[in-house]
Structures are given as C-alpha cells and as structure tokens.
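Student: The structure that follows is given in the form of structure tokens.
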Amino acid sequence: MEEQASRPPGAAEKAELDRAFEDLYRAHLRDVYSYSYYRIGNHHDAEDLTEQTFLQAYRHFERARRESDGRPLRPWLIRIAHNLASNYHRDRSRKPTAALDNIEPPVHPHGTERVAEGRERLREVMEGLTHLPEDRREALIMRFALDMSNREIARALGRTDGATKVLIHRSIRQLEEELASKEAGADE
Amino acid sequence: MSEHAPRSGSARSIDLEALLADALRPIEPPERLSGRLETTMTKLAEAAERELSDWRDELTESELESLRDPRNWVRPVAAAAVGGIAGSALVLFEVRRRRKSEGFAGVADEIRRRIS
Chain A
1 MEEQASRPPG AAEKAELDRA FEDLYRAHLR DVYSYSYYRI GNHHDAEDLT EQTFLQAYRH
61 FERARRESDG RPLRPWLIRI AHNLASNYHR DRSRKPTAAL DNIEPPVHPH GTERVAEGRE
121 RLREVMEGLT HLPEDRREAL IMRFALDMSN REIARALGRT DGATKVLIHR SIRQLEEELA
181 SKEAGADE
Chain B
189 MSEHAPRSGS ARSIDLEALL ADALRPIEPP ERLSGRLETT MTKLAEAAER ELSDWRDELT
249 ESELESLRDP RNWVRPVAAA AVGGIAGSAL VLFEVRRRRK SEGFAGVADE IRRRIS
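Here the protein sequences line up with chains A and B, keeping their order. Using my numbering, the letters of the first sequence map in sequence onto residues 1 to 188. Using my numbering, the letters of the second sequence map in sequence onto residues 189 to 304.
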C-alpha cells in the first residue's frame, strides 16, 4: 500500500499532470508576468523571473497539487515569484523600492487635458507606492494588478486572512496619507 | 467582492482604490515569452536525458554491483525523477509547438498517443 502511494506516476497520470500544468500556465501567465514586472520594474528581467517561476513550479507541481487539496494554485505560483523576486533584489543589492520608479503609468486612448492630469495623478500614486514598506506594496500589487482576494493574498504571503485584511487596509491608508501630505506641500 | 480589500468609507479612499486599479493594470506578457519558455523546457529536458544516459554509461561493474545495495539508491532514483519530469516536459512542449493551431484538446490527444 505504502509502496503504491510513493511510486512515480504512470503514463496516464503523467499526461493528466501535464495537462493540468498546461492549464495552470495558460491561466496565470499574465498574473505571474504582471507581478514580476511590478516587482522588478523592467520587461527583460520580468521575463526571466516569469520563466524561472514556471520552471520551478513545474518541478514541484505534482506535490503542490497533491497538497493543495483542490484549492486554487495561483497563490502558490505567486509565492514562488515572490521568493524569486526577493532573491533577485538581494543578489543584485537593488532596493525593491526602485522597481516602481521606472514604471510609466498606462497610456489612455483619449488624449485630452483631463487624461494628462490623470496620468500625473497616476504617476504620484506610483511614486507613493515606492515609499511603502515592501509587504504593503506587494499586497497592493497582488490586490490591484492581479485582483487577488484577501484569502489568496494571505496564502501567497504566508499570513492569516485577518492579518492580510489589516495589511491591505493599512497600506491604502498610508498611501492616502502620503498623497495628501504631498498635495499639502504643493499647495503651500 | 466581500473577499476583497475593505473599501474605506471616504470618497477619497474610493478614488484612491480606483487610481490604484488604474495604475497597477495587469501587463500582457510579450508573445515571445511563451516560445522562450517552451524552448527552455525542451532544452532542460534534453540536458536531463543526456545527463541520465551519460551517467548510465559511466557506471563500472563494481558500481553496478553496489547499486544492488538499497542504501545506494538515492542517486539513481533522483536522476530518474529528474529525467522523468523533464522528459515529460519535452513531450508536452514539443507537441505543443507542432500543434499549436489545433488547440489543447488536440495536444492532449497527441500526448496520450505518444506515451501509451
């Protein structure tokens, strides 16, 4: 019995496993890439990080699937990307806060004056994000760029649901205060 | 939505959440990334298979003898696992590259045919 549980998967099981990985890859390539891009700040390294994330995920996919007990694997995937991004910053002795400095706000299709104002506001938001502690910034990236639920973010960050809810709330509050103080400084 | 971040009561905070959603839009990965990932998986699989076969060729008679002792089984089992995983990736991505236009149902059928 024990021998059967630990034996490598047969051909049919392996094919099924590969199909499941293929589905995971297709469903979350954009999530992993978006997360990597906002963590790293340039497309070239974000591609590397995305590639490494999926290679590592493939290596441990069978076990992750078994242990997930049917729960979605996106938090696990983002956690791999999170660890690799941390290694990236550590290895290169780059401050993670520098990543968002390089990112330009998205371009809107209508070129009105109001849109230009909006872009300026978005730039301020991006700049404000760089002043947040790493865990707060990450939680906001997961929440807004990946549209992850509190529960998913909690699993990706290895925290409880309650702690994650508080983390996100405080992140938004801090960013709000950051922008307000900048606005007040500009008015003076 | 109830699972998501709490919405603060003030209009200002609602604006900020809208701004954050706008500033942190999802980024579409470049098309070349998929091809690159598939190529890497294929190369990895080839290297793993080569490694496994070189290692088999290198064994001397005494090493083969010592392999009969279960205490020495860790290395071959690990190598076979790597080869198995990588080999499976090779099948998957080779087939995908060839049959991209046929969709995933076609790819799955092809994989089943090749491994059965």
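All C-beta atoms in this analysis are idealised placements derived from N, C-alpha and C, irrespective of residue type, glycine included.
(1) Hey, could you find the ends of the alpha helix (DSSP H) residue 132 of chain A is sitting in?
(2) If you follow the alpha helix (DSSP H) that residue 149 of chain A is in, where does it begin and where does it stop?
(3) Examine chain A for any beta-carbon lying closer than 8 Å to the beta-carbon of residue 205 of chain B, and answer yes or no.
(4) Please state the DSSP three-state secondary structure of residue 79 of chain A.
(5) Go to residue 31 of chain A, then tell me how far its alpha helix (DSSP H) extends in each direction, as first and last residue.
(6) Rounded to the nearest angstrom, what separates residue 221 of chain B and residue 51 of chain A at their Cα positions?
(7) Using a 10 Å radius around the Cβ and a threshold of 16 neighbouring Cβ atoms, would you call residue 28 of chain A buried or exposed?
(8) Distance cutoff 8 Å, beta carbons only. Does residue 216 of chain B sit that close to anything in chain A?
(9) Whose C-alpha, out of A:155, A:169, A:170, A:166, is nearest the C-alpha of residue 71 of chain A?
(10) Determine the chain B residues that contact residue 29 of chain A at a beta-carbon separation under 9 Å, and present them in chain order.
(11) Would you please verify whether the beta carbon of residue 170 of chain A is less than 8 Å from any beta carbon of chain B?
(12) Could you say which of A:160, A:133, A:183 lies nearest to residue 171 of chain A if we only look at CA atoms?
(13) What residues of chain B sit near residue 37 of chain A, judged by a beta carbon separation below 7 Å?
(14) Chain B partners of residue 43 of chain A, CB-CB under 8 Å?
(15) Rounded to whole angstroms, what is the Cα-Cα separation between residue 135 of chain A and residue 218 of chain B?
(16) Quick check on residue 130 of chain A - is its C-beta less than 8 Å from some C-beta in chain B?
(17) Might you give, ordered along the chain, the residues of its own chain that have their beta carbon closer than 8 Å to the beta carbon of residue 81 of chain A, omitting 5 neighbours on each side?
(18) Please classify residue 145 of chain A: is it buried, with 16 or more other beta-carbons within 10 angstroms of its beta-carbon, or exposed?
(19) Residues in its own chain within less than 8 Å of residue 64 of chain A by CB, not counting five upstream and five downstream?
(20) Identify which residue in A:174, A:147, A:179, A:20 has its Cα closest to the Cα of residue 66 of chain A.
(21) Considering only the alpha carbon of each residue, which of A:55, A:78, A:141, A:60 lies closest to residue 227 of chain B?
(22) Tell me which residues share the same chain as residue 197 of chain B and place their Cβ nearer than 7 Å to its Cβ, disregarding the 5 neighbours each side in the sequence.
(23) If you check the beta carbons only, do residue 62 of chain A and residue 17 of chain A fall under 8 Å apart?
(24) Within a Cβ cutoff of 7 Å, which residues of the same chain sit near residue 124 of chain A, ignoring the five residues on either side of it in sequence?
Tutor: Taking the coordinates as given:
(1) Numbered from 1 along the first sequence, position 132 holds the residue referred to as residue 132 of chain A. It is not in any alpha helix (DSSP H) - residue 132 of chain A carries neither H nor E in the DSSP assignment.
(2) Within the first sequence, numbered from 1, the residue matching residue 149 of chain A stands at position 149. Careful: residue 149 of chain A lies outside any alpha helix (DSSP H) and carries neither H nor E.
(3) Position 17 of the second sequence, counted from the start, is the residue given in the question as residue 205 of chain B. By this cut-off, residue 205 of chain B is an interface position.
(4) On the first sequence, position 79 is the one that residue 79 of chain A refers to. Helix at residue 79 of chain A.
(5) Along the first sequence, one-based indexing puts residue 31 of chain A at 31. Start and end: 11-40.
(6) Position 33 of the second sequence holds residue 221 of chain B. Position 51 of the first sequence holds residue 51 of chain A. If I take the Cα positions, the gap works out to 8 Å.
(7) On the first sequence, residue 28 of chain A is found 28 positions in, with the first residue counted as 1. Under this definition residue 28 of chain A is a buried residue.
(8) Within the second sequence, the letter at position 28 stands for residue 216 of chain B. Yes, contact with chain A.
(9) Position 71 of the first sequence, counting from 1, holds the residue named residue 71 of chain A. Residue A:155 is the option with its Cα nearest to residue 71 of chain A.
(10) The residue labelled residue 29 of chain A in the question sits at position 29 within the first sequence. Near residue 29 of chain A (Cβ distances below 9 Å), the residues of chain B are 217, 221, 222, 225.
(11) As a position in the first sequence, residue 170 of chain A is number 170, starting the count at 1. With 8 Å as the cut-off, residue 170 of chain A does not count as an interface residue toward chain B.
(12) Taking the first sequence and counting its residues from 1, one reaches residue 171 of chain A at position 171. With distances taken between Cα atoms, residue 171 of chain A lies closest to A:133.
(13) Within the first sequence, numbered from 1, the residue matching residue 37 of chain A stands at position 37. Those are 215, listed as they occur along chain B.
(14) The residue labelled residue 43 of chain A in the question sits at position 43 within the first sequence. In chain order: 218.
(15) The residue labelled residue 135 of chain A in the question sits at position 135 within the first sequence. The residue labelled residue 218 of chain B in the question sits at position 30 within the second sequence. Looking at the two C-alpha atoms, the distance is approximately 27 Å.
(16) The sequence position of residue 130 of chain A within the first sequence is 130, counting from 1. No, no contact with chain B.
(17) Along the first sequence, read from residue 1 onward, the residue named residue 81 of chain A stands at position 81. Hits under 8 Å: 32, 35, 36, 39, 49, 50, 53.
(18) Against the first sequence, residue 145 of chain A aligns to sequence position 145. It is buried - the Cβ of residue 145 of chain A has at least 16 other Cβ atoms within 10 Å.
(19) Position 64 of the first sequence holds residue 64 of chain A. Contacts found: 57, 73, 76.
(20) Walking along the first sequence from the start, residue 66 of chain A turns up at place 66. For the residues A:174, A:147, A:179, A:20, the minimum Cα distance to residue 66 of chain A belongs to A:20.
(21) Taking the first residue of the second sequence as 1, we reach residue 227 of chain B at position 39. The option with the nearest alpha carbon to residue 227 of chain B is A:55.
(22) The residue you call residue 197 of chain B lines up with position 9 of the second sequence. Here the model assigns residue 197 of chain B a pLDDT of 47, short of 50, so the residue's position is not dependable, and the following value carries that caveat. Excluding residues within five positions, none has a Cβ falling inside 7 Å.
(23) Within the first sequence, residue 62 of chain A is the residue found at index 62, counting from 1. Within the first sequence, residue 17 of chain A is the residue found at index 17, counting from 1. The answer is yes: Cβ separation under 8 Å.
(24) Taking the first residue of the first sequence as 1, we reach residue 124 of chain A at position 124. Contacts found: 179, 182.
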